[in-house]
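S.K.: Keeping their order, the protein sequence lines are chains G and H. At position 61 of the first sequence the residue is numbered 61 (my numbering), and the sequence of numbers has no breaks. In short: position in the second sequence from 1, add 1000, done, that's my numbering.
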Amino acid sequence: MIFLLHEVWGGFGMALRRWPTALVFAGMIAVASTVLSFALVDVLAQVAVLKGAKELRERHAVVFTPYYPYGMESSVDDHTVKYLKDLIDRQKAYTAVVHNMGLDDPNFAGGHPTLVLFGDIIPELFPELKICDPAPCAVRGAKLTGQDIDSVIIAGERIPIVNTLSPGATFFDPGVAGLPLDNRIVIRAPTKLLSLLQPIEREEALVRAVLLSPSPEDVDAYVSGCAKGGLFLIPQDVAVDQAQKFRQIMMASAMYIVGMLGFLILVFAAFMSSARLTFLEERRALKIRQMYGATPLHMMLRIGGFLAAVLLVPQGMLLFLMWMFFQVVDAPAPEAALWVGLALLFAYVFLWIFSVREVLSREESG
Amino acid sequence: MGVKPILEARNVTKVYGHGRTQAVAVRAVSLRILAGECVALMGPSGSGKSTLLKVLGLILRPTEGSVLIRGEEVAWDEFSRARLRNKFLGYIDQEFAIIENESVERNVVIPLQYANPRPSRQEIWARTRRVLKEVGLDWALKKNASQLSGGERQRVAIARALVNEPMVILADEPTAALDGKTVQEIMALFLAIKARGAAVLIATHDDRVAKQCDRILRVIDGHLVE
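#1: Could you check whether H/A1157 and H/G1036 sit closer than 8 Å to each other, using their CB atoms as the reference points?
#2: Express the C-alpha separation of G/T21 and G/T65 in angstroms, rounding to a whole number.
#3: Taking only three categories from DSSP, how would you classify G/H6?
#4: What are the uninterrupted segments assigned as alpha helix (DSSP H) that are 4 or more residues long and contained completely in the region 1025-1087 of chain H, given in chain order?
#5: At 7 Å on the CB atoms, spell out the chain H contacts of G/I288, in chain order.
#6: DSSP three-state call for G/P160: helix, strand or coil?
#7: Can you give me, in chain order, the residues of the region 1067-1085 of chain H that have a beta carbon less than 8 Å from any beta carbon in chain G?
#8: Any chance you could list the alpha helix (DSSP H) runs of at least 4 consecutive residues sitting entirely within the region 110-197 of chain G, in chain order?
#9: Which residue wins for smallest C-alpha separation from G/V116, given the options G/G230, G/D150, G/I265, G/E204?
#10: Using a Cβ-Cβ cut-off of 8 Å, state whether H/M1001 counts as contacting chain G.
#11: Return the chain-ordered list of same chain residues with a C-beta closer than 7 Å to the C-beta of G/P235, the five sequence neighbours on each side being excluded.
#12: Can you tell me whether G/G10 is buried or exposed, with buried defined as 16 or more other CB within 10 angstroms of its CB?
#13: Is the region 1183-1201 of chain H touching the region 1021-1038 of chain H, taking contact as three or more C-beta pairs under 8 Å?
#14: Along the chain, where does the beta strand (DSSP E) that runs through G/P66 open and close?
#15: Would G/R17 pass as an interface residue toward chain H - the criterion being a Cβ-Cβ separation below 8 Å?
#16: Thinking C-alpha only, which one of G/I121, G/A189, G/I265, G/A227 is nearest G/I159?
#17: Do the region 1161-1177 of chain H and the region 1199-1212 of chain H meet, that is, are 3 or more Cβ pairs less than 8 Å apart?
#18: Note down, one range per segment and in chain order, each alpha helix (DSSP H) of at least 4 residues found wholly within the region 12-52 of chain G.
#19: Note down the Cα distance separating G/S300 from G/F126, rounded to an integer number of angstroms.
#20: Could you name the residues of the same chain whose beta carbon sits closer than 6 Å to that of H/H1223, not counting the 5 residues immediately before and after it, in chain order?
#21: Under 9 Å between beta-carbons, which chain H residues line up against G/P296? List them in chain order, please.
#22: DSSP three-state call for G/R57: helix, strand or coil?
#23: Taking the Cβ atom as the reference point for each residue, do G/D182 and G/K130 lie within a distance shorter than 8 Å?
#24: Does any residue of chain G have a CB that is nearer than 8 Å to the CB of H/R1121?
#25: So within the region 1120-1165 of chain H, which uninterrupted alpha helix (DSSP H) runs reach at least 4 residues, ignoring any that extend past its ends?
#26: Taking 8 Å as the limit between beta carbons, can you name the residues of its chain near G/T278, skipping five residues before and five after?
#27: Does DSSP put H/K1004 in a helix, in a strand, or in coil?
#28: Around the C-beta of G/V328, are 16 or more other C-beta atoms found within 10 angstroms, so that it is buried, or is it exposed?
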């Protein structure tokens, strides 16, 4: 066992003696791996969320983008809020408040970010969320476990926190795509509270409304009702726009990833030729070792140690740190770093086999 | 009953390449090396003496024929060869004399690193010191091998070949490019090894070297002529 470690360490020594070259290649591979990890986080998150929007696409959901004309102040029309409440009560719509809830109360929900949802259709649309039922009720994000907050008060109504979401839970918000919930308190509020919200909260509820299979008349009525109060909304059909958006994201992501992979392959090619040169330069040392009893297993371990020192160890540490970072910052797909690590491992095994074959066949022809 | 040879070649042929590019380097060579004898292998460049030495040193596999160590035929798989090279043979090659960017000590300990059983750290240290003292390089233990002169480098290679106490030393042009005084110093080392009972087989162009050996074998166009 010790002789095996000795050979691996000998390979490390080979890399250390050529530390400037080893450092340059380790750096290049590290940069490529980092960028690829970030790209992959983005792509995995987008894809996961857009997959989650399948139910909305099938129901031809209509969402809205606000338009604020210069110099005009927006306000909320009470009739439209009532109209939305009726749609939600008939399970023809749902809405959410993400950013503007309790802005005047820093202690709202214990100071934690919230997601306030209105609509009994929500558990049916997003069953994977495993949200509490029936409303009113609230759940805490996985990372808020152990917090002493047990209820939230909205418009004077106390809503109990009954459960904890599973880690990594993400809500599909047509406005921002994936909304991570690990650090949020998710509140299912009764629709009667809609009209009791602050104006800015109500405005966000109107903007984030999602109408399910609405008739053109329903959409017209909603848009014109909001416009009367000075809130101009542009409707979008999720089935049409999300599919297109999905294709665009997939195309952009594919190009991004293909580009990064191309860069990574170039780096690997450069690394391979450099490793080959190193082995040629080390030929004398390897040959002497063979002359004095080193077996192919010894050679394999020595070469494996060299490649690991340049390719695997620095990148492995970097990717581990990146994975930790993704966990800490709540990246939607922290496993991306692990995927890149796995790809690196495959590349390492390929290079190892290739290099061992090259060195041993070269030595045999002597 | 004759003396049992320590190293023997039986009808060894070595062919490089295939088809049109085929070249026969050694042709049906048979020879016997006894313990405690020094044999010089002479011949013009390209005659096949280095190839023969590599086959006898178990570095190259013969195309035909067999090699025997202490009367036992060598199995040519990589692991058996490596074990036999480590245990019985010390090979000195002009081209692969030293590892440039390593210390003298690290150059010399290599055979001990692959010995089975592996000696203890103290024993490795003691044996390395001892062989370096024998070749007159104990002062250079920690010195980088690339800082040594041609003769000193060759002595490092000899120390490495000796450290495992092999039965046969095979040396390919060990005195090439060395001045007359250094050649004598190197030969004195080989004769000392021989005096201890090990066999020494030297491929050389140098008559001064060959004359000090017990026998001279000539290789011409792959054939052995005694």
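No residue lacks a Cβ here, since even glycine has one placed at the ideal position from N, Cα and C.
M.R.: Quick answer:
#1: The residue you call residue 1036 of chain H lines up with position 36 of the second sequence. The residue you call residue 1157 of chain H lines up with position 157 of the second sequence. Inclusion of H/G1036 and H/A1157 in the CB contact set at 8 Å is not warranted, their separation being larger than that value.
#2: Locating residue 65 of chain G in the first sequence gives position 65, counting from the first residue. Locating residue 21 of chain G in the first sequence gives position 21, counting from the first residue. Cα-Cα distance, rounded: 53 Å.
#3: Numbered from 1 along the first sequence, position 6 holds the residue referred to as residue 6 of chain G. Helix at G/H6.
#4: Here the runs fully enclosed are 1049-1056.
#5: Numbered from its first residue, the first sequence carries residue 288 of chain G at position 288. Per Cβ cutoff of 7 Å: F1096, I1099, I1110.
#6: Here residue 160 of chain G refers to the residue found at position 160 of the first sequence. DSSP places G/P160 in strand when its eight states are reduced to three.
#7: E1078, F1079, A1082, R1083, R1085
#8: 122-125
#9: In the first sequence, residue 116 of chain G corresponds to position 116, counting from 1. Cα-wise, what sits closest to G/V116 is G/E204.
#10: By 1-based counting over the second sequence, the position of residue 1001 of chain H is 1. In this predicted model, H/M1001 has a pLDDT of only 46, less than 50, meaning its place in the structure is not dependable; the value taken from the coordinates is given anyway. H/M1001 does not count as touching chain G.
#11: As a working mapping, residue 235 of chain G is identified with position 235 in the first sequence. Cβ within range, chain order: V62, F64, V219, V223.
#12: By 1-based counting over the first sequence, the position of residue 10 of chain G is 10. Answer is buried; the Cβ neighbour count reaches 16.
#13: yes
#14: Here residue 66 of chain G is taken as the residue at index 66 of the first sequence, counted from 1. Segment 62-67, the beta strand (DSSP E) holding G/P66.
#15: The sequence position of residue 17 of chain G within the first sequence is 17, counting from 1. Interface residue, yes.
#16: Numbered from 1 along the first sequence, position 159 holds the residue referred to as residue 159 of chain G. Answer by Cα proximity: G/A189.
#17: Yes: at least three Cβ pairs fall under 8 Å.
#18: List check, alpha helix (DSSP H) in window: 19-52.
#19: Residue mapping note: residue 300 of chain G aligns to position 300 of the first sequence, counting from 1. Residue mapping note: residue 126 of chain G aligns to position 126 of the first sequence, counting from 1. One point to set straight first is that residue 300 of chain G is Met, not Ser, in the sequence displayed. Cα to Cα, G/M300 sits roughly 52 Å from G/F126.
#20: Position 223 of the second sequence, counting from 1, holds the residue named residue 1223 of chain H. Once the five neighbours on either side are set aside, the close Cβ partners of H/H1223 are R1027.
#21: Looking up residue 296 of chain G in the first sequence gives position 296. Here the neighbours are E1078, F1079, A1082.
#22: Walking along the first sequence from the start, residue 57 of chain G turns up at place 57. Three-state DSSP puts G/R57 in a helix.
#23: Translated into the one-based positions of the first sequence, residue 182 of chain G becomes position 182. Translated into the one-based positions of the first sequence, residue 130 of chain G becomes position 130. Not in contact: G/D182 and G/K130 (Cβ atoms no closer than 8 Å).
#24: Along the second sequence, read from residue 1 onward, the residue named residue 1121 of chain H stands at position 121. No, H/R1121 lies away from the interface with chain G (no Cβ there is under 8 Å from its Cβ).
#25: 1121-1134, 1150-1162
#26: In the first sequence, the residue the question calls residue 278 of chain G occupies position 278. The residues are M14, R18, T21, F306.
#27: Residue mapping note: residue 1004 of chain H aligns to position 4 of the second sequence, counting from 1. The answer is coil: DSSP assigns H/K1004 none of H, G, I, E or B.
#28: Position 328 of the first sequence, counted from the start, is the residue given in the question as residue 328 of chain G. Exposed, by the Cβ-count rule.
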